[in-house]
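Peer 1: With this note's numbering, letter number 694 in the sequence shown gets 1586, and the count goes up by one each step, no holes. For each residue, glycine too, the CB sits at the ideal point set by N, CA and C. Got a structure for you, questions after.
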Amino acid sequence: MARQQPPPWVHAAFLLCLLSLGGAIEIPMDPSIQNELTQPPTITKQSVKDHIVDPRDNILIECEAKGNPAPSFHWTRNSRFFNIAKDPRVSMRRRSGTLVIDFRSGGRPEEYEGEYQCFARNKFGTALSNRIRLQVSKSPLWPKENLDPVVVQEGAPLTLQCNPPPGLPSPVIFWMSSSMEPITQDKRVSQGHNGDLYFSNVMLQDMQTDYSCNARFHFTHTIQQKNPFTLKVLTNHPYNDSSLRNHPDMYSARGVAERTPSFMYPQGTASSQMVLRGMDLLLECIASGVPTPDIAWYKKGGDLPSDKAKFENFNKALRITNVSEEDSGEYFCLASNKMGSTRHTISVRVKAAPYWLDEPKNLILAPGEDGRLVCRANGNPKPTVQWMVNGEPLQSAPPNPNREVAGDTIIFRDTQISSRAVYQCNTSNEHGYLLANAFVSVLDVPPRMLSPRNQLIRVILYNRTRLDCPFFGSPIPTLRWFKNGQGSNLDGGNYHVYENGSLEIKMIRKEDQGIYTCVATNILGKAENQVRLEVKDPTRIYRMPEDQVAKRGTTVQLECRVKHDPSLKLSISWLKDDGPLYISNRMKKEEDSLTIFGVAERDQGSYTCVASTELDQDLAKAYLTVLADQATPTNRLAALPKGRPDRPRDLELTDLAERSVRLTWIPGDDNNSPITDYVVQFEEDQFQPGVWHDHSKFPGSVNSAILQLSPYVNYQFRVIAVNEVGSSHPSLPSERYRTSGAPPESNPSDVKGEGTRKNNMEITWTPMNATSAFGPNLRYIVKWRRRETRDTWNNATVWGSRYVVGQTPVYVPYEIRVQAENDFGKGPEPETVIGYSGEDYPRAAPTEVKVRVLNSTAISLQWNRVYSDTVQGQLREYRAYYWRESSLLKNLWVSQKRQQASFPGDRPRGVVSRLFPYSNYKLEMVVVNGRGDGPRSETKEFTTPEGVPSAPRRFRVRQPNLQTINLEWDHPEHPNGILIGYTLKYVAFNGTKVGKQMAETFSPNQTKFTVQRADPVSRYRFTLSARTQVGSGEAVTEESPAPPNEATPTAAPPTLPPTPVGATGAVSSTDATAIAATKEATTVPIIPTVAPTTMATTTVATTTTTAATTTTESPPTTTTGTKIHEAAYTNNQADIATQGWFIGLMCAIALLVLILLIVCFIKRSRGGKYPVREKKDVPLGPEDPKEEDGSFDYSDEDNKPLQGSQTSLDGTIKQQESDDSLVDYGEGGEGQFNEDGSFIGQYTVKKDKEETEGNESSEATSPVNAIYSLA
């Protein structure tokens, strides 16, 4: 919901009105009210109870208070009046009770130690501060002592005691060598919580260094060092062979006897420990043994609290944070090695200093009203409660008949002006105390409005909004709302009035626009104010940018067209990869688009259009993918081979400073490729020892650089050289350099608050690394509070990276802060992050669900959105569950599996698609949040209309022979309506040539069909689809099988006669003479097209099915010249030349022609006509006109040209380039037919002509004559 941010006084007034109903309020911060209304004192700031100060600084004890009139201050020291005027070093700040003790002119701070308490007083009462115990920090010196060398047998346990001088506060202990090198600690050697250094077993290498205990004092920031211990290890193996350190049986190899574990601390088998509630419990077990024992922790009768337990010091310590009563019980640590195990039991008792259950709050009453102050606390042992009034015990105060004390409660009846006072509640036990002030103020104030008059509130349509009307009065006024100055009080339905008087409108509509009047009334009068509400249309992107793929260098345009309320100023901005987009000179931002010219690889990414007004915004995102050009490799040849550079060497640290150091190195050889960069890496030994991190990068021209460092890091550096070939090996590490500690300068990042259950909130963050810890014992102060109520902050100290807040309301916002802290101090004030407690299942379902059928496969849904307070979490989506109840076709089984459609966001409509046509459906809707689904809406039923069917199933094409093709199919799997028939389309094709398309329609019951082929060579492509009243559905396509090789026609001999056509138009694979002898009466010669306008078609036989069919024919294919119809003929097909049978046939013909030519030379003297009948087995028929003389020739009775020729425009016959002709075998181009048209005559004419000329060799050159001569 977009709304104007109210001024600060609105929050204060809202808090006032809310708290007034509970009897615990404060006077509003409005200056006019503050100046007019009287108020007893209230302590606003004070020092901590245990106040430790630095002796080098002036002492400051804080005490500040407010009231009207302004209060005066005085102090007590050790329960006696502290006369400030008598001590020249002590002064009090102006308009404050803060004490300042100045030592610039001398004096000892220790003289001012004691217990101080501040009193703030005006004529209406006295408020008290806590009892502040002032102590001066102490950093005593270590006593001088001479330590003899510690003699110990190898393998024996050893404890080096620290015994630091008692400081205030206690110092931080750590062990180092006399050369200030830290002592390496592991599970064998470690420091205990008491500061002592424990050796589970001493090894020979332990005597290579000495051991000095160091104490760092907090206030003085000084480190005191104890005289070092020197070890003398007695051993059976005097040589410290480093190869034995990783030996699997190191102790046996060195002759050290193995032994079972025993505890060094705590001693014995049992101990006890007491801890206060809310503190950290630290349990410690340190054991000796050979080999070094492992430590494991357990709790009797239960598990360790996984969310609070943390193992420290190599599992030797168990820390449980924020201890509560359920953490009491018996814990035991188990020390074990291969020789055995032992355990130590620690009985933990949890006590508690007093903590509030009900802290008394200020009470403002009207004359004659009743009220109460409640002071309820708990602790262990149970705390006692003591009441005081104006700093004096209640028992010694003047009697008040209107006041009654009942244990932890004071009841006031019929209060009057004289009842005003400040009451103190002190609850204490042996572990501490709590002190709270609460005043009772009696006011009689007529109602007053605290907000400006005639405010203007603008809100977006369909959003939820709240109209605030802050007011004040005593007695507390009642508030009523009216619209447009008339009508009844607004409450109920779309309106809800809160206890503080705010009016909430649950869903804004156009008719809600108008003037709203709030009226506050009490017995002293009334006051009113007006709020004008304007309803604006939402901002919506109706044409969103789309995902695009573009080549590099092209232009891309991303559209973003927006519809918004014209009275609001629209602003359109673009984001790239969720960050602000810099509009370069290659980009052009227009009102409704973004254009990118010359797209480059860096332009790839997600682009988000943000359309915003001062009230709302809308987003739309698209992804741009840039296709890079393929890189063209260069062919440069290097004069010398190039390689990676050698590693840098001789690293040196100089200019050592607190936060910086200079690193210098000597470059290695660049191996014929110049060094471009140096990468400096560092390693630290506290958080991630052995892991190297990049620190900085420097140009290849430098070999010395100043490195900026973080506090409290034990640095070690190395350098890597880089050239165009690659990176060198890392250099050898530099010496270590530890920086001094400091408070953290940053806080953890990625702070989140999310609920994992409906009644909790898990606060998580990314822990800080070693370079941002800045000091030891890094921890995090976690604070949280309800966002609406603005309660006091709750806080906890956490060592890990998560904290769980329990017993939270369902999905309410919290303000969260996480602050880093180490032993040097706290980090900066953290930012406030808004988190939410856990979600619960939604309580309401969408109402008024309406279904509108769009088509046979889609519906439109519309519903009323649920109120936000019923979602109980973040509304993820509306979800529709739907299932197919039945089909409108009888006896058709359907799956009733539930499906779902999601509609993300808070929207009132959506579309469900991919439904089955001609079906009955049921649908329910739910609201979905992060927890899950809410209740289901009323079930809606709807029916989808008829649609087109799916493809027929199992479409099969079989070819039992060369003449027929059988088709079979099954009904569609999804008829999607009532079938009215099938449509079959088919076409013949051969290679790249396609014939005419034919079509057949069938009844819905027919599932078979037979096609009579007109051409045994061509294949057929069949397309089948089913039909309903709506139209044809999805088609399925199959092809007939390829014909076998032996059935494929071959090229005819050169003297090919006209071919008879019966059931087929193809030529069989027999020789020409045999074809000529089997002439039928029904023979029709197959001829090419004579004129360009003549069409050649093929014949397809009718079907053999008994079902009634309707045959339709597509327009015939038109061919011109010699082009044969592509569906039925294979003459001149280009792909025949690649067939094996054709190649073999051509080779046989070539061989035959060669033999004939040889024979021709032998028979060259023979001529004339040759009898064919005597040489052939096939007899001539009686109709043969040449039977008498035994000769046979072909006739051309119809005067048609030979196949393979075409008619020119003048009627002459022209030879075609691709056809064979007998003229090719003659001796010239003059060969023509005789008058009777016989081929024989063609050659006898030539022979007679040559005989006349005396040439007798012409006949022998004719291959045809040669064939007859062989006969």
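Pick from Arg1312, Ser1154 and Pro1158: whose alpha carbon is nearest that of threonine 1234?
Peer 2: Cα-wise, what sits closest to threonine 1234 is Ser1154.
Peer 1: Within a Cβ cutoff of 6 angstroms, which residues of the same chain sit near serine 1565, ignoring the five residues on either side of it in sequence?
Peer 2: Once the five neighbours on either side are set aside, the close Cβ partners of serine 1565 are Lys1534, Asn1615, Glu1616 and Val1617.
Peer 1: Skipping 5 residues on each side, what residues in its chain have a beta carbon closer than 6 angstroms to that of valine 1611?
Peer 2: Excluding residues within five positions, the ones whose Cβ falls inside 6 angstroms are Pro1540, Trp1557, Tyr1570, Val1572 and Ser1623.
Peer 1: Ignoring anything shorter than 3 residues or poking outside the segment 1574-1616, list the beta strand (DSSP E) runs there in chain order.
Peer 2: Counting only runs of 3 or more, we get 1585-1591, 1596-1600 and 1606-1614.
Peer 1: With DSSP as the reference, please indicate the residues paired to histidine 1388 in a beta bridge.
Peer 2: Note: histidine 1388 sits in a beta bridge opposite Glu1396.
Peer 1: How would you label serine 1180, buried or exposed, when you count the other beta carbons within 10 angstroms and need 16 or more for buried?
Peer 2: Serine 1180 comes out buried.
Peer 1: Skipping 5 residues on each side, what residues in its chain have a beta carbon closer than 6 angstroms to that of proline 1525?
Peer 2: With a pLDDT of 45 at proline 1525, under the threshold of 50, the predicted position of this residue should be treated as unreliable, and no value is reported.
Peer 1: Mind checking alanine 2040: buried by the 16 CB within 10 Å criterion, or exposed?
Peer 2: Exposed, by the Cβ-count rule.
Peer 1: Look at the Cβ atom of phenylalanine 1795, then the Cβ atom of tyrosine 1770, and state whether they are nearer than 8 angstroms.
Peer 2: Contact: yes.
Peer 1: Sort Leu929, Glu956 and Ser1664 by Cα distance to serine 939 and report the nearest one.
Peer 2: Per the Cα distances, Glu956.
Peer 1: Decide if leucine 1746 is buried, meaning its Cβ has at least 16 other Cβ atoms within 10 Å, or exposed.
Peer 2: That one is exposed.
Peer 1: According to DSSP, is arginine 1494 part of a helix, a strand, or is it coil?
Peer 2: The answer is helix: DSSP assigns arginine 1494 an H, G or I state.
Peer 1: Quickly, what does DSSP pair methionine 1479 with across the bridge? List them, please.
Peer 2: Per DSSP, Ile1488.
Peer 1: Please report the residue range of the beta strand (DSSP E) in which valine 1702 lies.
Peer 2: Run containing valine 1702: none; DSSP gives neither H nor E here.
Peer 1: Whole angstroms are fine: how far does the CA of alanine 1613 sit from the CA of isoleucine 1598?
Peer 2: Each residue's Cα considered, the two are about 17 angstroms apart.
Peer 1: Hey, could you find the ends of the alpha helix (DSSP H) asparagine 1381 is sitting in?
Peer 2: Where asparagine 1381 is concerned, there is no enclosing alpha helix (DSSP H), given that its DSSP letter is neither H nor E.
Peer 1: According to DSSP, is asparagine 1376 part of a helix, a strand, or is it coil?
Peer 2: In this structure, asparagine 1376 counts as coil in the three-state DSSP scheme.
Peer 1: Whole-angstrom Cβ separation of isoleucine 1475 and lysine 1481, contact assumed at under 8 angstroms?
Peer 2: Going by Cβ atoms, the distance from isoleucine 1475 to lysine 1481 rounds to 5 angstroms, so yes, they are a contact pair.
Peer 1: Count the C-beta pairs between the segment 1284-1295 and the segment 1210-1228 that are closer than 8 angstroms, then say yes if the count reaches three, no if not.
Peer 2: Result no; under three Cβ-Cβ pairs closer than 8 angstroms.
Peer 1: Quick check on this structure: which residue in Glu1451, Lys1455 and Gly1406 has the alpha carbon closest to the alpha carbon of proline 2231?
Peer 2: With the chain running from 893 to 2163 in the structure shown, residue 2231 is simply not present.
Peer 1: If you measure between the beta carbons of leucine 1395 and leucine 1348, is that distance less than 8 angstroms?
Peer 2: No. Outside cutoff.
Peer 1: Could you pull the start and end residues of the alpha helix (DSSP H) that glycine 923 belongs to?
Peer 2: The sequence given here has proline at residue 923, not glycine. Note, proline 923: alpha helix (DSSP H), 923-928.
Peer 1: For my contact list, asparagine 1321 and proline 1246 are in at a C-beta cut-off of 8 angstroms; report their separation, rounded to the angstrom.
Peer 2: With a Cβ gap of about 6 angstroms, asparagine 1321 and proline 1246 count as contacting.
Peer 1: Out of curiosity, what's the CA-to-CA distance linking threonine 930 and aspartate 1683?
Peer 2: Between threonine 930 and aspartate 1683, the C-alpha separation is close to 25 angstroms.
Peer 1: For aspartate 942, does the count of other Cβ atoms within 10 angstroms reach 16, so buried, or fall short, so exposed?
Peer 2: The residue is exposed, with fewer than 16 neighbouring Cβ atoms inside 10 Å.
Peer 1: Starting from isoleucine 1751, trace the beta strand (DSSP E) in both directions and tell me its first and last residue.
Peer 2: 1750-1756 is the extent of the beta strand (DSSP E) around isoleucine 1751.
Peer 1: Less than 6 angstroms between C-beta atoms, sequence neighbours within five positions excluded: which residues of the same chain meet that for phenylalanine 1109?
Peer 2: Taken in chain order, the residues that qualify are Ser1031, Gly1059 and Pro1063.
Peer 1: What does the Cβ neighbour count give for tyrosine 1325, buried or exposed, with the cut at 16 atoms within 10 Å?
Peer 2: Its Cβ being crowded by 16 or more others within 10 Å, tyrosine 1325 is buried.
Peer 1: Rounded to the nearest angstrom, what separates asparagine 1783 and glutamate 1892 at their Cα positions?
Peer 2: Using only the alpha carbons, I get a separation of about 29 angstroms.
Peer 1: Are at least three pairs of beta-carbons, each pair with one atom in the segment 1434-1448 and one in the segment 1406-1424, less than 8 angstroms apart?
Peer 2: Contact fails: fewer than three Cβ-Cβ distances are below 8 angstroms.
Peer 1: Glycine 1925 and alanine 2042: beta carbons closer than 8 angstroms?
Peer 2: Cβ atoms of glycine 1925 and alanine 2042: not closer than 8 angstroms.
Peer 1: Would you report the Cα separation of arginine 1709 and glutamate 1391, rounded to the nearest angstrom?
Peer 2: The straight-line gap from Cα to Cα measures roughly 30 angstroms.
Peer 1: Mapping the DSSP letters down to three states, classify isoleucine 1024 as helix, strand or coil.
Peer 2: Here isoleucine 1024 sits in strand by DSSP.
Peer 1: Our contact map puts methionine 1399 next to arginine 1356 with C-beta atoms below 8 angstroms; I'd like the distance itself, whole angstroms only.
Peer 2: Yes, they are in contact, since the Cβ atoms of methionine 1399 and arginine 1356 sit about 6 angstroms apart, within 8 angstroms.
Peer 1: Please state if the CB of glutamate 1037 and the CB of asparagine 1119 are separated by a distance shorter than 8 angstroms.
Peer 2: In this structure, glutamate 1037 lies closer than 8 angstroms to asparagine 1119 by Cβ.
Peer 1: When you compare only the Cα positions, how much space is there between leucine 1545 and glycine 1084?
Peer 2: Straight-line Cα distance between these residues: approximately 34 angstroms.
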